[in-house]
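Using the numbering used here, the letters of the sequence shown correspond one by one to residues 364 to 597. We put the beta carbon where it would ideally sit given N, CA and C, even for glycine. Small disclaimer: the values here were computed from a predicted structure and weren't measured. Before any comments, here is the structure.
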Amino acid sequence: RGGRIKEKTRSDVMIIASINQDTGEIKLVSVYRDTYLNLSTDKYQKCNAAYMYGGPKQAINMLNQNLDLDIQDFVTVGFEGLRDAVDALGGVMVDVSKSEIVHLNNYQFTMAEDMDIDYTPVKEEGYQLLDGLQAVAYCRIRYTSGGDFKRAERQREVIKAMIEKAKESDVETLVKVVNEVAESGVVYTSLDIKQMLELVPDLAKYKVVDEGGFPNSDYRGTGKLGSDGDCVLA
364 RGGRIKEKTR SDVMIIASIN QDTGEIKLVS VYRDTYLNLS TDKYQKCNAA
414 YMYGGPKQAI NMLNQNLDLD IQDFVTVGFE GLRDAVDALG GVMVDVSKSE
464 IVHLNNYQFT MAEDMDIDYT PVKEEGYQLL DGLQAVAYCR IRYTSGGDFK
514 RAERQREVIK AMIEKAKESD VETLVKVVNE VAESGVVYTS LDIKQMLELV
564 PDLAKYKVVD EGGFPNSDYR GTGKLGSDGD CVLA
């Protein structure tokens, strides 16, 4: 959320991206925010609390320790950052179901009030162009069948839609998008602007070839754990 992008807020979304720079193949894994893990301090809680206590550094340490990884870089995107990036690309194509419409518009309403902006309600189901605020609201839906697991799937869907839309854009537009979003204060990253701009010319070769969530559906359970409430258990 605005003003809390570096710490003191739980990370609403955690996605690990493995990118093969030679082939352009991308693999995305959502780490469900309610997963009960070691926060890298030998204290166990819902894993999205790591960001609240120690920002991206502790969140990365938490992921590396629990999943035996060696993540070095990160990109933190606020609600406004995602909205601005999608709008700069001219929107994204997403298939909205009938059951999602009411929740999508409810999230739009609350965010529009917080940001003091107008919003455009989604009125029909089906494959359609969503603007930035609509896309953020779509990513936040968790009250339909599938709950938070389906929500994480929606988030990856929007990322894939953004990649495809970016492929349709010329280099000049993409450079403008990177510069505007990087300088807006709604994105916080370990990458410098030069590193990000160097990726732009090769964007056409990137493609998501695999995706999923942790814990995998075959190896997870759910249950209440004391004051932590409903948790996902590996």
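With H, G and I counted as helix, E and B as strand and the rest as coil, what does DSSP make of residue i?
i: F437; result: coil
i: L402; result: coil
i: S462; result: helix
i: D450; result: helix
i: L588; result: coil
i: I368; result: coil
i: D604; result: No answer is possible for residue 604: it lies beyond the span of the chain, which begins at 364 and ends at 597.
i: S610; result: Here the chain comprises residues numbered 364 to 597, so residue 610 is not present and cannot be evaluated.
i: D581; result: helix
For the alpha helix (DSSP H) holding residue i, just list the boundary residues, first then last.
i: I379; result: Here I379 belongs to no alpha helix (DSSP H); instead the beta strand (DSSP E) covers I378 to I382.
Please list the terminal residues of the continuous beta strand (DSSP E) segment that includes residue i.
i: D458; result: V455 to V459
i: Y407; result: Y407 to K409
i: I423; result: Taken as a continuous stretch (DSSP letters only), I423 belongs to no beta strand (DSSP E), being part of the alpha helix (DSSP H) at A412 to L430.
i: L570; result: Just to set this straight, residue 570 is Lys in the shown sequence, not Leu. First-last of the beta strand (DSSP E) with K570: K570 to F577.
i: S393; result: E388 to V394
Does chain B have any CB closer than 8 Å to the CB of residue i?
i: L537; result: This model lacks chain B altogether; it includes just one protein chain.
Would you say the beta carbon of residue i comes nearer than 7 Å to a heavy atom of the ligand NAP?
i: P419; result: Judged by which ligands are present, the structure shown has none, so any question about the ligand NAP falls away.
So residue i and residue j are in contact, right, with Cβ under 8 Å, and what is the actual spacing, rounded?
i: P578; j: T398; result: 6 Å
i: V394; j: L426; result: 7 Å
i: I556; j: A567; result: About 21 Å; that fails the 8 Å criterion.
i: A515; j: G576; result: 5 Å
i: M456; j: L492; result: 6 Å
i: K513; j: E388; result: Going by Cβ atoms, the distance from K513 to E388 rounds to 25 Å, so no, they are not a contact pair.
i: I382; j: V392; result: So it is not a contact: roughly 12 Å between Cβ atoms.
i: L496; j: Y482; result: 5 Å
Along the chain, which unbroken stretches of the alpha helix (DSSP H) at least 4 residues long are found entirely within the region 532–566? You should have 534–545 and 556–562.
Which whole runs of the beta strand (DSSP E) in the region 467–523 are 3 residues long or more, in chain order? Counting only runs of 3 or more, we get 489–493.
Inter-stretch contact (C-beta, 8 Å, three-pair minimum) for the region 448–463 and the region 536–545: Below 8 Å, enough C-beta pairs join the region 448–463 and the region 536–545 to call them touching: three or more.
Would you call the region 484–501 and the region 459–467 in contact, with 3 or more CB pairs under 8 Å? With three or more CB-CB distances shorter than 8 Å, the region 484–501 counts as touching the region 459–467.
Using 8 Å as the threshold, is the region 422–430 in touch with the region 465–481, meaning 3 or more CB pairs across them? Put simply, the region 422–430 does not touch the region 465–481. Fewer than three CB pairs are less than 8 Å apart.
Is it a yes or a no for the region 411–422 touching the region 366–373, going by three-plus beta-carbon pairs under 8 Å? Using a Cβ-Cβ distance cut-off of 8 Å, the region 411–422 and the region 366–373 are in contact, since at least three pairs of beta carbons, one from each stretch, lie closer than that value.
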